[in-house]
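What follows is a single structure, written as structure tokens, with notes after it.
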């Protein structure tokens, strides 16, 4: 399958290092900012995860057999820079053995005909930066030093073995969800006071890190004479402007030639336009009492955002954009689509379905009424809406669905429950790939679809949510199983759907 403008379509899967590799937070292993939460028993230890660090060759071979041609992976800062500086404290301490490991992974990825999409930061950072690194302005320089060390090292190793350098980068994965889950919600560890002020400070530093990381990557490629890379930041789609689209608009006001004094009005105008487009799309949301609560909270937050937003609350980003050598900071648009609708935030109470230790009665109540991964509503029409809308908002550049997936509920001991909608992963894939085909038919510049994920993995404190095309039975190890616990074979389904989509679109184009 080919897009009319951008060539071969990228069919693939998405993974992240911390969730899949294994080998963190134990004695003699790299420690992350989640190590303290593991020690306290607040979250389930990551342990061996899916053992991707040692199984990647077999995983890439499986991808090739499925007919995939793309693989999104991350390189883990905590593994690459496990300590702040070398033995004499003179320079950053980068682990060359880890870097060699990642360069070999990337070479094997290329050898199997898979286009690597590399994420440089996927929620996790080294423990030596502290639990709340993104609240300190100094983390920005540490991140840029990491980028300047990693990007040339990995690509020189690839080029030396006859492979092309990495083309696609994501600097920071879902900064909106990193901040929401840490400083508004309670899923990610923090030692800071939660709240909006803290969240805004973290967003300021994360977006600034993207700006400087983006420019660093482009400078590295120019100096090396490599083909120009495509660099972006991906976001978790949300129907609440202030939790998603705002971030991309903040990174785009230079290219849109918005004067600094007009930024606040511009942002409010974009928020109104987004809400109008969403209303016109008439996406059929769930209708019950819980959805009314979620929709009401969304409307309240929207009104507060319209009233209180001020670019002055983001001083680091303002400064970085003022000194920017160029205007563009997003070479392609990358979206992660799950259930982006605030109306689905809550569910009818389920008193037994709790994944984490509740530290108070309030926490127990909130956990009972808050939707879990397996409660997310399946709405393929929303994928079309966000793809079309973001393509129109950022014309002249390609779009990639960097994540899209569905959770089943199955604990490590293999006890499980059914989804309320009884949808299988195979059916989920059929519904969403139908939308992908329609998106391409309608000349929306979509160039890739990456399913989350190739295999079951660690989902931020728990192994219960299952997102894999291949299932894992953690009682027996990390072998990739074609049948899930319901008897479905989603990997086989994905392969068949890809072949059919390629046949349809190649005939039409």
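Numbering (this note's numbering), first residue to last: 433 to 941. Even for Gly, the Cβ is constructed at its ideal location relative to N, Cα and C. Computed from a predicted model, the values in this text were never measured in an experiment.
- [ ] Throw me the rounded Cβ distance for the residue 589 and residue 535 pair, which I believe falls under 8 Å.
- [x] 4 Å
Open item on the list: Once DSSP output is grouped into helix, strand and coil, what is the label at residue 840?
Closed with: strand
Open item on the list: I'd like the list of long-range same chain contacts for residue 848, defined as Cβ closer than 8 Å, with 5 residues on each side in sequence excluded.
Closed with: 840, 841, 842 and 917
Task: Any 3 or more C-beta pairs closer than 8 Å across the stretch 648-660 and the stretch 615-628 - done: no
Open item on the list: Tell me whether the stretch 764-772 and the stretch 563-580 touch, counting them as touching only if at least three CB pairs, one residue from each stretch, are closer than 8 Å.
Closed with: no
- [ ] Could you have a look at residue 516 and say whether DSSP puts it in helix, strand or coil?
- [x] strand
Task: Top-ranked residue by Cα proximity to residue 640, from 598, 684 and 597 - done: 684
Open item on the list: Would the stretch 739-755 count as touching the stretch 824-840 if we require 3 or more Cβ pairs under 8 Å?
Closed with: no
Task: Secondary structure of residue 883, DSSP reduced to three states - done: strand
- [ ] Kindly indicate which residue of 880, 798, 714 and 537 has the alpha-carbon position closest to the one of residue 830.
- [x] 880
Open item on the list: I need the straight-line Cα distance from residue 935 to residue 929, nearest angstrom please.
Closed with: 10 Å
Open item on the list: Could you check whether residue 445 and residue 885 sit closer than 8 Å to each other, using their CB atoms as the reference points?
Closed with: yes
Task: Opposing strand residues paired with residue 768 [DSSP bridges] - done: 668 and 835
TODO: Just grab the DSSP bridge partners of residue 898 for me.
DONE: 840
- [ ] Starting from the C-beta of residue 606, find all residues in its chain whose C-beta is less than 7 Å away, skip the five residues before and the five after it, and write them out in chain order.
- [x] 666, 667, 668 and 768
Task: 7 Å CB neighbourhood of residue 554 in its chain, flanking five on each side removed - done: 448, 449, 450, 506 and 605
Open item on the list: Classify residue 442: buried if its beta carbon has 16 or more other beta carbons within 10 angstroms, exposed otherwise.
Closed with: buried
Task: First through last residue of the beta strand (DSSP E) which encompasses residue 506 - done: 502-506
- [ ] Return no unless some Cβ of chain B is closer than 8 Å to the Cβ of residue 846.
- [x] Reference to chain B is not applicable here, since this structure consists of a single protein chain.
TODO: Consult DSSP for residue 952 and reduce its assignment to one of helix, strand or coil.
DONE: Residue 952 falls outside the range modelled here, since the chain spans only 433 to 941, and no answer is possible.
- [ ] Compare the beta carbon distance of residue 737 and residue 703 with 8 Å and say whether it is the shorter of the two.
- [x] yes
- [ ] Identify whether residue 657 lies in helix, strand or coil by the three-state DSSP scheme.
- [x] coil
Task: Distance cut-off 7 Å: residue 453 Cβ against heavy atoms of the ligand FAD - done: Judged by which ligands are present, the structure shown has none, so any question about the ligand FAD falls away.
Task: Residues bridged to residue 525 [DSSP beta-bridge criterion] - done: 515
TODO: Alpha carbon to alpha carbon, how far is residue 803 from residue 627? Give it in angstroms, no decimals.
DONE: 21 Å
Open item on the list: Short of 7 Å in beta carbon distance, which residues of its chain neighbour residue 785, apart from the five on each side in sequence? Order them along the chain.
Closed with: 804
- [ ] For residue 550, write down the residues that DSSP places opposite it in a beta bridge.
- [x] 505 and 601
Open item on the list: Which same chain residues end up closer than 8 Å to residue 808 when comparing Cβ atoms and leaving out the 5 residues on each side of it in sequence?
Closed with: 770, 771, 776, 838 and 839
Open item on the list: Along the chain, where does the alpha helix (DSSP H) containing residue 740 start, and where does it finish?
Closed with: 721-740
Task: Span separating the alpha-carbon of residue 539 from that of residue 595 - done: 7 Å
Open item on the list: How far does the alpha helix (DSSP H) with residue 717 in it extend, from its first residue to its last?
Closed with: That residue, residue 717, is in no alpha helix (DSSP H); it is neither H nor E in DSSP.
TODO: Kindly give me the distance between the Cβ atoms of residue 883 and residue 926, rounded to whole angstroms, as I take these residues to be in contact under 8 Å.
DONE: 7 Å
Task: Inter-residue Cα distance where the pair is residue 474 and residue 688 - done: 44 Å
- [ ] Determine the burial state of residue 455: buried for a count of at least 16 other Cβ atoms within 10 Å of its Cβ, exposed for fewer.
- [x] buried
- [ ] Helix, strand or coil for residue 818, going by three-state DSSP, please let me know.
- [x] helix
TODO: With a threshold of 16 other CB atoms inside 10 Å of the CB of residue 727, please say whether the residue is buried or exposed.
DONE: buried
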